[in-house]
Every structure is written in C-alpha cells, then in structure tokens.
Amino acid sequence: MDVAFEGQNAFVAAANGDFPLVVLLWGMALPKRVDLLVAEDLDGNTVLHHTASTAIDGNVAIVHFLLQQATAAGRPLTSLVEACNHAGETPLIRAAHAGNMAVVEALLQFGMAEINAKDKEGNTPAHHAAAQGHLWLLHYLLQAESRLNPSLAPTELGDTCKSKNTVLHYACAREHKVVVQYLLSQGFDPQQANVDGVSALDIAKYRKIEWLVKVLESNDRTFAEAPTKCRESRLWVTLLYGFILSGLFSLSYFLPWWIAAPLILLVLWLALKKIRKPHGHGGHSHGTKNVATLHPSKRDMVVTGSVVLAKPQKEPAFSKKHEPSGLSTLFKPQPEMIMGVWAAWVILFIFFHVVVWVDPVYKFVVTDWEPFLYTLVGIEAVFLLTWFRLATVCPSDPGVIRTFQVDITQMLANAATGVVPPEASYCRTCMIRKPIRSKHCAQCGVCVARMDHHCGWINRCVGYGNHRLFVCFLLLHIIVVVGFVLLAGVVFQHFLQPGNLDATLGSSVMRVWMQVPDLVADHLLALMVFLWGIGTVIGLSFMAVQHLGNMARNLTVNESINWRRYPYLKADPKNNSKAADKLPRLLNPFDKGGWHNTLEFWTRSGSSALDYRTVFRLPNAVDEPEEPIINVQVV
Numbered sequence: 001m002d003v004a005f006e007g008q009n010a011f012v013a014a015a016n017g018d019f020p021l022v023v024l025l026w027g028m029a030l031p032k033r034v035d036l037l038v039a040e041d042l043d044g045n046t047v048l049h050h051t052a053s054t055a056i057d058g059n060v061a062i063v064h065f066l067l068q069q070a071t072a073a074g075r076p077l078t079s080l081v082e083a084c085n086h087a088g089e090t091p092l093i094r095a096a097h098a099g100n101m102a103v104v105e106a107l108l109q110f111g112m113a114e115i116n117a118k119d120k121e122g123n124t125p126a127h128h129a130a131a132q133g134h135l136w137l138l139h140y141l142l143q144a145e146s147r148l149n150p151s152l153a154p155t156e157l158g159d160t161c162k163s164k165n166t167v168l169h170y171a172c173a174r175e176h177k178v179v180v181q182y183l184l185s186q187g188f189d190p191q192q193a194n195v196d197g198v199s200a201l202d203i204a205k206y207r208k209i210e211w212l213v214k215v216l217e218s219n220d221r222t223f224a225e226a227p228t229k230c231r232e233s234r235l236w237v238t239l240l241y242g243f244i245l246s247g248l249f250s251l252s253y254f255l256p257w258w259i260a261a262p263l264i265l266l267v268l269w270l271a272l273k274k275i276r277k278p279h280g281h282g283g284h285s286h287g288t289k290n291v292a293t294l295h296p297s298k299r300d301m302v303v304t305g306s307v308v309l310a311k312p313q314k315e316p317a318f319s320k321k322h323e324p325s326g327l328s329t330l331f332k333p334q335p336e337m338i339m340g341v342w343a344a345w346v347i348l349f350i351f352f353h354v355v356v357w358v359d360p361v362y363k364f365v366v367t368d369w370e371p372f373l374y375t376l377v378g379i380e381a382v383f384l385l386t387w388f389r390l391a392t393v394c395p396s397d398p399g400v401i402r403t404f405q406v407d408i409t410q411m412l413a414n415a416a417t418g419v420v421p422p423e424a425s426y427c428r429t430c431m432i433r434k435p436i437r438s439k440h441c442a443q444c445g446v447c448v449a450r451m452d453h454h455c456g457w458i459n460r461c462v463g464y465g466n467h468r469l470f471v472c473f474l475l476l477h478i479i480v481v482v483g484f485v486l487l488a489g490v491v492f493q494h495f496l497q498p499g500n501l502d503a504t505l506g507s508s509v510m511r512v513w514m515q516v517p518d519l520v521a522d523h524l525l526a527l528m529v530f531l532w533g534i535g536t537v538i539g540l541s542f543m544a545v546q547h548l549g550n551m552a553r554n555l556t557v558n559e560s561i562n563w564r565r566y567p568y569l570k571a572d573p574k575n576n577s578k579a580a581d582k583l584p585r586l587l588n589p590f591d592k593g594g595w596h597n598t599l600e601f602w603t604r605s606g607s608s609a610l611d612y613r614t615v616f617r618l619p620n621a622v623d624e625p626e627e628p629i630i631n632v633q634v635v
C-alpha cells in the first residue's frame with residue numbers, strides 16, 4: 001500500500017485499533033486516488049478484515065467509519081462486509097475467530113452481514129467461535145441466528161461445514177469444557193457423526209480424554225455443573241513421598257554420620273530442586289497481554305493471513321497435555337511433593353520421639369521428663385488432626401465460590417444482547433462472577449473468597465473458609481516444633497554435662513569441646529531435629545507475626561504482596577519513607593480498626609461477621625453500572 005504514515009499503513013492501523021490514524025490515512029489516500037475500502041494485502045484481507053481480526057479499543061469505531069464511507073460513496077455494504085480473502089473468510093468470520101463481540105455485533109446490525117457465511121472449508125462464524133472457546137460470542141451468534149430463523153431447531157443452529165462437523169465437534173476437538181457443556185444444554189447430540197462417521201464422543205474416546213467422555217455420556221443437560229472444582233490432594237502420594245524421604249532421613253540413626261549426612265543433604269537438594277520446577281497443574285488462562293493501555297502505534301498487533309480451522313479428527317492436530325495417572329505421576333513433580341517433604345520431617349520428628357522412648361541410651365529422658373513426653377504426644381495428636389482436617393480427611397473449604405449456575409444464566413442472558421462480562425469482575429476459567437477480594441488459585445483450580453495464599457503444606461488455598469483453622473494450625477505447629485527443640489536440647493544438655501564426659505581429657509571446658517564431634521556422630525538424629533527445629537521455629541514465627549498483623553489490619557498475604565494489582569488498595573501518602581516503596585502502609589477500605597478486624601476474622605455470625613463470598617462492592621461504595629471490557633485476542 002502506497003499510503004502510510006511513519007511506516008504504518010491502513011492495515012496496521014486497523015489491526016492496532018488506531019482510529020485517528022485510519023482517518024488520517026483515509027484523508028491522505030483521497031488525493032492519490034487509493035481506495036482503502038477495497039485495498040487488499042497479499043492474502044486478500046481488506047482493511048475491514050484487519051479491523052475484525054483483533055479485539056481492542058478503537059476497532060468498533062473503525063468498522064462504523066468504513067461502513068459510513070461505503071454508504072457515502074453509494075456502494076452496497078455487502079461488497080465490503082461480505083468480501084472474502086483467499087481462504088474464503090469474511091470479516092465476520094475473522095471477528096468471530098478473534099472473539100471480537102463488539103465488531104460482530106456491528107457487522108450484523110449495521111452491515112447486515114451473513115450470519116452463516118462460510119469459508120472454503122464450509123466453517124461458519126459459530127464454528128470459529130466454538131473452536132476458539134468464545135462462549136459469549138457463540139451464544140450471541142446462535143441466539144441471533146435463532147431470531148433470524150425461528151423455524152430452526154436449536155441443534156441446527158451454527159450449521160455444519162463441508163465435512164458435516166457441528167459446533168460441538170470443534171468444541172470437543174479443542175477441549176473447551178464450558179463450551180461443550182453449553183452446547184449439550186442446547187440439545188446438541190454428542191453422537192452425531194460427520195462424513196467420516198466420527199462423532200464428538202468418538203473424538204473424546206479415541207483421545208482418551210476422561211473428563212470429556214464423562215461429560216458427553218452424562219444424561220445431565222442442565223448446564224448446572226461448574227467447569228472447575230477444587231483439586232483434591234492424593235493422600236497416598238503425600239505419604240509415599242513422606243515415608244521415602246523420612247526413611248532416608250532416619251538413616252542418621254542407623255548409619256555412620258559420614259555416610260548419612262552427605263546422603264541426607266543430597267536427598268534434600270534433589271527434593272527442593274524438584275519442587276522448584278513448575279508442574280503445570282494450574283489450568284487457568286490469564287489471557288493475552290493487555291495492550292489496550294498502550295498507545296495504538298506501540299501495540300504491534302499481528303494478523304495472520306487466514307484462520308483456517310483444523311478438521312476435527314480422532315487424533316488431535318494439536319496436543320493438550322493430560323496428566324499421567326498412577327505411579328507414573330511420581331516421576332514428575334507433583335502438587336503433593338511439598339506436602340510430602342513436610343510430612344517427611346513430621347514423620348522424622350515422630351521417629352525421634354519413638355527413639356527417645358525405646359532406646360536405652362535415652363532412658364534418662366523417660367525417667368526425668370515423662371510428663372513432658374506425654375504432653376508432647378497430646379499436642380502432636382491435636383496438631384496432626386488439625387492438619388488432616390485442613391488437607392485430606394474432609395478437607396476444609398477455603399471459601400470456594402460456588403455460584404456458577406446462577407452466574408452463568410445471567411451472563412448468558414447479557415451475552416445474548418452483546419454484553420460481555422467485565423474481565424475484572426468475572427473468572428474466565430470458573431465462569432463465575434468474582435466477589436471483591438477473591439482470587440483464582442491456579443494450583444487449586446478454583447476461585448477462593450478472600451484468598452490469602454496457597455499453602456504447600458496442605459496443598460490447598462487458605463481463604464475465607466479455612467483461614468481461622470489455618471492460624472490455629474500455624475500456632476500449634478510452632479508449639480510442637482518448640483517441644484521437639486526442647487527435647488533435643490535435653491538430650492544434648494545431658495551428654496554435655498561434665499560428669500558424663502571422659503575425665504581423661506582435662507578440664508571440663510576442654511572435655512566438652514573435645515567430645516562434641518563424637519556427640520554429633522552418636523546423636524546425629526537429635527542434632528538434625530534440633531537444627532531443623534530452630535530454623536523452622538524462626539520461619540513459622542515470622543509467618544505467625546505476618547498473619548496476626550494482617551488480621552489486625554484486615555489484609556491478606558496476597559493483598560499485602562500484590563497490593564498494586566488491586567485498585568481498592570492505595571499507599572498512604574503520609575508514609576514517605578524509603579522503605580514504603582517496597583512495603584508501604586496501605587489505605588484499606590476494609591480496615592475497621594484492630595479490634596473490629598479481629599472480631600470479623602474469628603466470627604461467622606453477628607454484626608461483626610462478613611461473608612466475603614457475597615461481597616461485590618467496597619464498603620459504602622455507590623453502585624455504578626459495570627462497563628463490559630473487550631478481551632484482547634491476537635490471531
């Protein structure tokens with residue numbers, strides 16, 4: 001194209017949503033007699049194709065501008081709206097593929113675009129929306145087609161391609177669970193075959209996608225089941241890791257120190273190295289980078305020549321990784337690995353407790369400290385029961401948002417009129433309206449109310465539902481570890497007494513220092529418990545101070561770390577110290593003062609209680625209508 005400004009032509013400006021630049025280039029093209037309405041790139045895409053291929057601010061204005069210019073020139077809009085590129089794709093198809101709801105709506109309402117326009121493979125805009133997982137746009141297209149053709153049955157909407165694939169075929173081929181659930185609720189048949197005799201159910205079975213087979217074979221067509229659920233911890237995996245590691249740690253009791261110590265350090269290093277590797281169990285899409293905040297000239301949007309859909313097959317054209325099952329999972333880092341390492345140290349501490357009871361070398365502890373040992377057993381039992389309650393046996397609910405059935409109905413009703421749920425207030429993975437202070441946990445796979453953090457020790461989120469129990473668990477953890485540190489200290493205090501040392505080595509001080517290496521070698525297990533316990537107590541104490549401090553300020557760990565992400569949290573302008581740049585004092589609208597914050601934290605009824613699963617507005621906020629936000633998609 002001969003018309004350009006600072007290296008950007010109309011195709012680039014349209015893709016970037018740069019409406020002012022498009023208008024400028026239009027004016028520059030008039031004297032040169034360049035017709036921007038029919039100008040094409042090497043793939044046959046017009047300026048309108050480029051406009052429809054991305055979904056950012058400015059695109060709709062460009063669409064309206066181009067339609068107005070065509071009308072002013074006396075040209076039929078069909079020549080512009082139904083123009084096909086070399087792959088037979090119209091602007092409506094490109095907009096549906098990109099998930100550009102506003103442009104789709106403009107093309108249908110003002111451009112009178114053909115809603116079932118087909119590319120060279122016979123795929124309609126609905127096929128592209130289903131293949132890309134654009135639920136709101138797919139619903140809008142099917143509802144619009146139903147209004148245009150009331151005689152069509154719901155299962156006939158969206159049409160079929162040349163290979164007789166339905167929208168359900170494409171949704172299953174791309175494994176879009178929520179879209180599959182939606183189409184089933186609309187009556188689409190999972191056993192309807194294409195020209196090759198392949199049904200959506202066949203695709204799921206041949207690819208061995210268990211969840212998809214279950215959904216397709218289910219008789220439930222109400223769209224009531226949430227697409228996500230809180231991931232459950234596998235106790236057997238945790239205990240297997242725990243017993244293997246604790247067995248290696250316990251070698252400090254059976255083997256010479258010069259063999260046991262290096263082996264234990266090696267095992268610890270390997271375990272921590274595995275934990276640091278990303279295990280990819282999130283399943284949460286955070287979307288593409290938000291370029292809407294950039295100046296249009298800096299967006300650098302890339303538009304592909306065509307968006308031809310791969311034919312749904314039994315074997316995937318692309319592969320989504322499915323988690324292995326059984327013992328094969330242990331060869332890769334698992335979510336339960338941190339739990340396993342934690343459990344290994346707990347088992348080792350318990351093993352040390354048992355050794356003190358049964359080993360004659362430590363008989364003096366049983367004789368002199370028997371009440372302390374029994375007390376420690378009782379505290380251990382309460383501590384472990386609390387952990388089991390948090391993590392595995394009837395695991396505590398962290399505050400999972402379970403409003404899918406209500407929210408999806410309302411959001412689909414809005415989508416039918418072209419209104420997309422705002423990105424900031426709904427979760428694209430859980431498909432629910434997000435209460436304020438909630439957050440999607442990639443590890444758990446769900447949205448959690450007043451989400452504090454994800455705890456590896458319980459492999460579960462800590463949030464509104466279980467934060468109180470977690471604080472109790474944390475305090476019990478400190479008490480238990482302090483007890484074991486004292487127990488190990490009793491052992492060393494006994495053997496370091498001058499009367500228990502070799503008198504032939506000189507003065508008492510010299511005897512202590514001379515025999516320390518032998519004591520370490522003879523009591524390596526006690527030394528491990530003592531040193532690890534001290535480090536653990538220090539770390540746990542910092543955590544306890546953090547949680548108690550946040551409790552008094554009505555903050556979460558997530559908010560205190562990522563406060564810049566949340567518009568309701570702002571740095572106190574009065575706090576101008578250099579340290580404030582990293583950890584400022586925050587102005588928190590939920591802060592009611594230390595006493596009231598503490599009451600709110602510990603109570604679930606009464607005037608001080610607040611159910612954060614149902615809080616969508618700031619305290620004393622004026623209700624304002626939410627503006628839909630168009631998601632940025634690049635194709």
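In the UniProt record's numbering, the protein residues as written are 1 to 635.
Note that CB positions come from ideal geometry on N, CA and C, so glycine has one too.
Since the model is a prediction, treat every value here as computed from it, not as a measurement.
Cβ-Cβ distance between E89 and D41 below 9 Å: As a position in the sequence shown, residue 89 is number 89, starting the count at 1. As a position in the sequence shown, residue 41 is number 41, starting the count at 1. It is not a contact, given that the beta carbons lie outside the stated cut-off.
Buried or exposed (CB count within 10 angstroms, at least 16 for buried), A503: On the sequence shown, position 503 is the one that residue 503 refers to. A caution first: A503 carries a pLDDT of 48, below 50, which makes its placement in the model unreliable, though a value can still be read off. Taking a 10 Å sphere around the C-beta of A503, we find fewer than 16 other C-beta atoms and assign the residue as exposed.
V615, DSSP secondary structure in three states: As a position in the sequence shown, residue 615 is number 615, starting the count at 1. Residue state, collapsed to three classes: coil.
Nearest-angstrom Cα separation, counted from V63 out to S319: The residue labelled residue 319 in the question sits at position 319 within the sequence shown. The residue labelled residue 63 in the question sits at position 63 within the sequence shown. In this prediction, S319 has a pLDDT of 49, which is less than 50 and means its spatial position is unreliable; what the coordinates show is noted afterwards. Cα-Cα distance, rounded: 36 Å.
Stretch-stretch touch, CB-based, cutoff 8 Å, three pairs: the region 410 to 418 with the region 135 to 150: Between the region 410 to 418 and the region 135 to 150, the count of C-beta pairs closer than 8 Å reaches three or more; the two stretches touch.
Secondary structure of K120, DSSP reduced to three states: Residue 120 sits at position 120 when you count from the first residue of the sequence shown. Reduced to three states, the DSSP call for K120 is coil.
Member of A544, S233 and P262 whose CA lies at the smallest distance from the CA of P335: Within the sequence shown, the letter at position 335 stands for residue 335. For the residues A544, S233 and P262, the minimum Cα distance to P335 belongs to S233.
Burial state of C441, where buried means 16 or more other Cβ atoms lie within 10 Å: One-based indexing of the sequence shown puts residue 441 at position 441. Here C441 is buried, its C-beta having at least 16 other C-beta atoms within 10 Å.
Residue(s) in a DSSP beta bridge with H440: In the sequence shown, residue 440 corresponds to position 440, counting from 1. C447.
According to DSSP, residues forming a beta bridge with A193: In the sequence shown, residue 193 corresponds to position 193, counting from 1. Looking at the DSSP assignment, A193 forms a beta bridge with S199.
Close beta carbons around H453, own chain, < 8 Å, minus the five adjacent residues each side: Here the question's residue 453 lines up with position 453 in the sequence shown. Taken in chain order, the residues that qualify are C461, V462, T556, V557 and N558.
Beta-carbon proximity list for I538, same chain, < 6 Å, skipping 5 on both sides: Position 538 of the sequence shown holds residue 538. Contacts found: none.
Between the CA atoms of A61 and C172 - distance to the nearest angstrom: Here residue 172 corresponds to residue number 172 of the sequence shown, with the count starting at 1. Here residue 61 corresponds to residue number 61 of the sequence shown, with the count starting at 1. When the Cα atoms are used, C172 and A61 turn out to be separated by approximately 35 Å.
Those residues which DSSP pairs with N9 across a bridge: By 1-based counting over the sequence shown, the position of residue 9 is 9. According to DSSP, which records beta bridges pairwise, N9 is partnered with A4.
Assigned secondary structure, C172 (DSSP; H/G/I helix, E/B strand, else coil): Counted from its first residue, the sequence shown places residue 172 at position 172. Helix.
Y241 - DSSP class collapsed to helix/strand/coil: On the sequence shown, position 241 is the one that residue 241 refers to. If DSSP states are grouped into helix, strand and coil, Y241 belongs with the helices.
Length of the line joining the Cα atoms of K439 and E6: Along the sequence shown, one-based indexing puts residue 439 at 439. Along the sequence shown, one-based indexing puts residue 6 at 6. One C-alpha to the other measures close to 42 Å.
Residues of its chain near T614, where Cβ-Cβ distance is below 8 Å and the 5 sequence neighbours each way are ignored: Taking the first residue of the sequence shown as position 1, residue 614 is located at position 614. Its chain contains P435 as the residues whose beta carbon lies nearer than 8 Å to that of T614, once the 5 sequence neighbours on both sides are disregarded; these appear in chain order.
C-beta atoms of A95 and C430 nearer than 9 Å: Taking the first residue of the sequence shown as position 1, residue 95 is located at position 95. Taking the first residue of the sequence shown as position 1, residue 430 is located at position 430. The criterion of a C-beta distance shorter than 9 Å is not satisfied by A95 and C430.
6 Å CB neighbourhood of G305 in its chain, flanking five on each side removed: Stepping through the sequence shown from its first residue, residue 305 is reached at position 305. Answer for G305: D43, listed in chain order.
Contacting residues, own chain, Cβ-Cβ under 7 Å from H97 (five flanking each side not counted): For the purposes of this step, residue 97 is taken as residue 97 along the sequence shown, with counting starting at 1. When the five nearest sequence neighbours on each side are left out, the beta carbons in the same chain lying within less than 7 Å of the beta carbon of H97 are those of H128, Q132, V307 and V635, in order along the chain.
Contacting residues, own chain, Cβ-Cβ under 6 Å from N116 (five flanking each side not counted): As a first step, residue 116 is located in the sequence shown; it is residue number 116 there, counting from the start. If we look at N116 and ignore the five residues flanking it on each side, its Cβ neighbours are T124 and D159.
Inter-residue Cα distance where the pair is A526 and A344: As a working mapping, residue 526 is identified with position 526 in the sequence shown. As a working mapping, residue 344 is identified with position 344 in the sequence shown. A526 and A344: Cα-Cα distance of roughly 16 Å.
Reduced DSSP category for H97 - H, G, I as helix; E, B as strand; rest coil: Numbered from 1 along the sequence shown, position 97 holds the residue referred to as residue 97. H97 falls in the helix class under three-state DSSP.
Nearest-angstrom beta carbon gap, I347 and S246 [assumed within contact, 8 Å]: By one-based count along the sequence shown, residue 246 stands at place 246. By one-based count along the sequence shown, residue 347 stands at place 347. Sure, about 4 Å apart at Cβ, within 8 Å.
Buried versus exposed call for C394 [16 or more other C-beta atoms within 10 Å across all chains shown]: On the sequence shown, position 394 is the one that residue 394 refers to. Within 10 angstroms of the beta-carbon of C394 lie fewer than 16 other beta-carbons, which makes it exposed.
Rounded Cβ spacing between L30 and L66 (contact assumed at less than 8 Å): Taking the sequence shown and counting its residues from 1, the one referred to as residue 30 is at position 30. Taking the sequence shown and counting its residues from 1, the one referred to as residue 66 is at position 66. Contact doesn't hold; Cβ gap of about 15 Å is too wide.
Option nearest E600 by Cα separation, candidates M551, K574 and P371: One-based indexing of the sequence shown puts residue 600 at position 600. Residue M551 is the option with its Cα nearest to E600.
Bridge partners - R460, DSSP secondary structure assignment: The residue given as residue 460 occupies position 460 in the sequence shown. Among the bridge pairs identified by DSSP, R460 is matched with C455.
Residue burial classification, A224 (beta-carbon count within 10 angstroms, cutoff 16): As a first step, residue 224 is located in the sequence shown; it is residue number 224 there, counting from the start. Counting Cβ neighbours within 10 Å, A224 comes out exposed, since fewer than 16 surround it.
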